[in-house]
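Numbering (the numbering used here), first residue to last: -9 to 609. Ideal placement from N, C-alpha and C gives every residue a C-beta, glycine not left out. Predicted, not measured: the structure shown is a model, and the values here were computed from it. Heads up: the structure comes next, in structure tokens.
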């Protein structure tokens, strides 16, 4: 009876209600498109279900072609015997922009369990419509056909892919910061970038800017043609000497995919249908630049000027203006702003002779962003007055060259008055701080083991093996293992009868196997082999998991199938974005050695997310 009650209690404890998690309603889309280019707007509802979606008004700059296309799904998870059911929905619209500019898409509204939820607004930058010039690949493809319809691989013109070196300013003062951006413009399908040699900015101190994916990738229009762009490198430069500084050009070798048809042309439609692609190597030039560096003016240069150029502020704080003799007082000073923080010289403070002053403690913090180098430098003085009286702590000064006003400026801290009262203990001579000589406790008893004082437990050994428990187990176990192996083999044959199901089940295992192979290339720094294995792992996983033939594997097709399986828009975006990163990560410079580990971790994470979400939907 007790067993029955326990079993019923166990079943009841394993049943729980639907998840009472916070409802999330998020909108997502491309942040940059061109006039006439279709794009998706997806409103994702998590932890809730709604019948209708309300959108006040679409921006007049867009036409709605399709929508809303609704996909729904449920995920079921069991943790510690508790079952949680989560409902997810996605509302997809396809829009096309009618004019260029920057436009806002208003938030949408849904009602879940009687409560209204509002999504975030979206901002979309629309580039001008492309003038649609015939690219070098298209021209070469037309010229390549002979009378028999054969075709050579298409060529790539300088208008299909090129690199620009962009500067925020070309005329600056010595030590004045400027931003240099090396950006790739491309309309062809770029496989990889090799043999990367960036320009050497000799005569400059360069600090590289770390960019996230949203900052690296984008779109831009050049001469009426739209290009996808990627920032290869972005740096903050500080010129070290005056005069005209010429920066030599660099080189990059790009591997670009171009169309090539079969040897016998089948005519317009079939020629495009049966066409394949070939890799073509394209040499790119990273343009050099010329920067006019002006010397800092000599007129009005302060005596304490140490080379700081930018925009700075000075603040200071005295912990107390009334202390007793032999009590410590702290004076903190902080210089903050933007510019060449390297030349921020610590302000010197002349304390009275009756003060015992310790070496100052400094702390420098800086951030390197697309706006330049900014931060602060703090210095803290600790001083101990030895005798009573009233003392003056003179002001400290800091001078820099202001690039906005083109003049020198001197910042000054206030003069402090410190009143020192008689201390509790008289001072007869110099006071020296006395600190105990502290040592770590030594570890003893390492040469000999301790004597075991516990009771010794002994067990009687059996006299005979025949007819013992071990004897019968030795006879039965092989027989039982043979039966288990027989049924396991039958199950194996049944499971492998459905090839689609087999691929689905093995998708995650195969992806992990390929990622493990990619991990082996990290130690040898074999970037080409590493990214090839990562791409195989990602494409292979979605192909096996969603039963997509290799010939149908494309970004748009995979994205559409993932949406049909109710995979969250965040996971889809992360998967597509990682594919783009893998295509361009091979050009990373040597100082980005940890990029392989980052890509490996991101690939493992996104495949695990897809596995959980797809498995939850199928459940």
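Does the Cβ of residue i have 16 or more other Cβ atoms within 10 Å, making it buried, or fewer, making it exposed?
i           : result
residue 213 : exposed
residue 375 : buried
residue 477 : exposed
residue 217 : buried
residue 235 : buried
residue 473 : exposed
residue 268 : exposed
residue 464 : exposed
residue 175 : buried
residue 77  : buried
residue 224 : buried
residue 327 : buried
residue 360 : exposed
residue 469 : exposed
residue 394 : exposed
residue 590 : buried
residue 182 : buried
residue 404 : exposed
residue 568 : buried
residue 280 : exposed
residue 233 : exposed
residue 364 : buried
residue 498 : buried
residue 329 : buried
residue 222 : buried
residue 309 : exposed
residue 603 : buried
Is DSSP giving residue i helix, strand or coil here?
i           : result
residue 306 : strand
residue 180 : strand
residue 213 : coil
residue 38  : coil
residue 137 : Per-residue confidence for residue 137 stands at a pLDDT of 36, beneath the threshold of 50, marking its modelled position as unreliable; the derived number appears in the next sentence. Coil, per DSSP.
residue 230 : coil
residue 402 : strand
residue 514 : coil
residue 54  : strand
residue 356 : strand
residue 160 : coil
residue 236 : strand
residue 110 : coil
residue 575 : helix
residue 586 : helix
residue 119 : coil
residue 206 : helix
residue 249 : strand
residue 78  : strand
residue 13  : coil
residue 468 : helix
residue 542 : helix
residue 385 : coil
residue 19  : strand
residue 194 : strand
State the CB to CB distance for the pair residue i and residue j, rounded to an integer number of angstroms; the pair is presumed to be in contact (CB under 8 Å).
i           : j           : result
residue 377 : residue 315 : 6 Å
residue 369 : residue 320 : At roughly 11 Å, the Cβ-Cβ gap does not stay under 8 Å, so residue 369 and residue 320 are not in contact.
residue 566 : residue 549 : 6 Å
residue 358 : residue 197 : 5 Å
residue 347 : residue 381 : With 8 Å as the limit, residue 347 and residue 381 do not qualify as a contact, their Cβ atoms being about 12 Å apart.
residue 277 : residue 306 : Not really, about 47 Å apart at Cβ, beyond 8 Å.
Look at the Cβ atom of residue i, then the Cβ atom of residue j, and state whether they are nearer than 8 Å.
i           : j           : result
residue 558 : residue 34  : yes
residue 303 : residue 226 : no
residue 512 : residue 587 : yes
residue 283 : residue 190 : no
residue 531 : residue 597 : yes
residue 19  : residue 112 : yes
residue 115 : residue 25  : no
residue 505 : residue 524 : yes
residue 274 : residue 151 : yes
residue 397 : residue 389 : no
residue 96  : residue 47  : yes
residue 32  : residue 82  : yes
residue 593 : residue 528 : yes
residue 401 : residue 387 : yes
residue 17  : residue 37  : no
residue 296 : residue 325 : no
residue 158 : residue 169 : yes
residue 247 : residue 179 : yes
Every unbroken beta strand (DSSP E) within the stretch 276 to 352, with a cutoff of 3 residues, ordered by chain
DSSP runs (the beta strand (DSSP E)) wholly in the stretch 276 to 352: 279 to 284, 299 to 308, 312 to 314, 319 to 329 and 345 to 347.
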